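Encoded as C-alpha cells, the structure appears first; notes follow it.
Numbering (the working numbering), first residue to last: 9 to 244.
What follows is the structure, given as C-alpha cells:
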C-alpha cells in the first residue's frame, strides 16, 4: 500500500557547502567582488563569508596552488600565483605587443600620487601636454573624471578601482612612499612654479616596482594600451 510518505516529492537536495559555493562564484566574477555581494548571493551572514574567504586564501597559498585568492580594490578575486607570472604572461601576451606606453605610465603615476589633479597640473609635472594620454587612460578605465577644481572650470582626474585591481593593491595607501626617492616632493606638489619633469619619471619607475611583485594582477587581464612613441603632445 502506498503511504503519504511514499508519494511525497523527494526532499530538495541539500545546498553545497559555503566554501564550495564561494569557489564557484569566484570563478565567474570578472572584477573584485565585495563580501556583501557574495554574502547576498549565498544567503549567508557577511562575517561568515569573510571568514571562509580568508580560510580559502590561506589554504590555497599553503598548498602552493597556481592561483591565489586576494582582496583588492574593495573585493575578492582569483589571481594567478606570482611564481607563475612569467609563463602566464607569455601565454596571455603571445602575439601581442601593445602595452601602456612610457608616456601613459608616467601620466598614470602622476594622477595616482597627485590626485585629484587637473590636466594642467599633469602637463606641468611631466613637462609636456598630456591630454591625449589622459584620454587613453580614461578609455582604458584606469583614470576617471572627478568633478572640477574649486574656483575654476578645470576638470579633476583620479584613478579608478580598476587601477587598484591591476596593481594588485587594496588601497592607494599601499603605494610606496615617494619621499626617499624625491626629498622635495612637498615643494613640487605645493608650488605654482614650473615643476621638475623628472618627477614623472620617478613616479613611473615607482609604479613599475609596485606592480612587479603582483605580476599576477597584470597577467590575469593585462594592462594594455596602444603603445606609441612619445612625440610632442603625447597624442595616443
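A virtual CB, placed ideally from N, CA and C, is assigned to each residue, including glycine. These numbers come from a predicted model, not from an experiment.
Contact criterion: CB-CB distance below 8 Å. Does residue i meet it with respect to chain C?
i	result
residue 145	This model lacks chain C altogether, as it is built from one protein chain only.
How about residue i and residue j: are their beta carbons less than 8 Å apart?
i	j	result
residue 57	residue 43	yes
residue 77	residue 34	yes
residue 86	residue 75	yes
residue 124	residue 154	yes
residue 89	residue 73	yes
residue 151	residue 119	yes
residue 115	residue 138	yes
On the criterion of 16 or more Cβ atoms from any shown chain inside 10 Å, does residue i qualify as buried, or is it exposed?
i	result
residue 160	exposed
residue 202	Legend: pLDDT at residue 202 = 35, less than 50; position of this residue unreliable, value from coordinates given subsequently. By the 10 Å Cβ count, residue 202 comes out exposed.
residue 181	exposed
residue 25	exposed
residue 131	buried
From the DSSP output, in three-state form, read off residue i for me.
i	result
residue 153	strand
residue 83	strand
residue 162	coil
residue 127	helix
residue 77	strand
residue 322	The chain is shown only over 9 to 244; residue 322 falls outside these bounds and no answer can be derived.
residue 8	Outside the modelled stretch of the chain, which goes from 9 to 244, sits residue 8, for which no answer is possible.
residue 168	coil
residue 193	The predicted position of residue 193 is uncertain, since its pLDDT is 49 and thus under 50; no value can be drawn from it.
residue 27	helix
In whole angstroms, what separates the C-alpha of residue i from that of residue j?
i	j	result
residue 172	residue 156	23 Å
residue 29	residue 50	7 Å
residue 193	residue 133	Here residue 193 scores only 49 on pLDDT, less than 50, and its place in the model should not be relied on; the value that follows carries that caveat. Roughly 11 Å between the two C-alpha positions.
residue 68	residue 126	43 Å
residue 121	residue 41	25 Å
residue 178	residue 136	31 Å
residue 82	residue 185	21 Å
residue 148	residue 142	10 Å
residue 111	residue 54	42 Å
residue 99	residue 170	22 Å
residue 101	residue 93	11 Å
residue 91	residue 97	11 Å
residue 205	residue 84	Residue confidence for residue 205 is low, a pLDDT of 41 falling below 50, so the modelled location carries little weight and cannot support an answer.
residue 66	residue 79	12 Å
residue 117	residue 183	10 Å
residue 145	residue 46	30 Å
residue 38	residue 52	22 Å
Within 7 Å: the Cβ of residue i and any heavy atom of the ligand GTP?
i	result
residue 25	This structure lacks the ligand GTP, and indeed carries no ligand of any kind.
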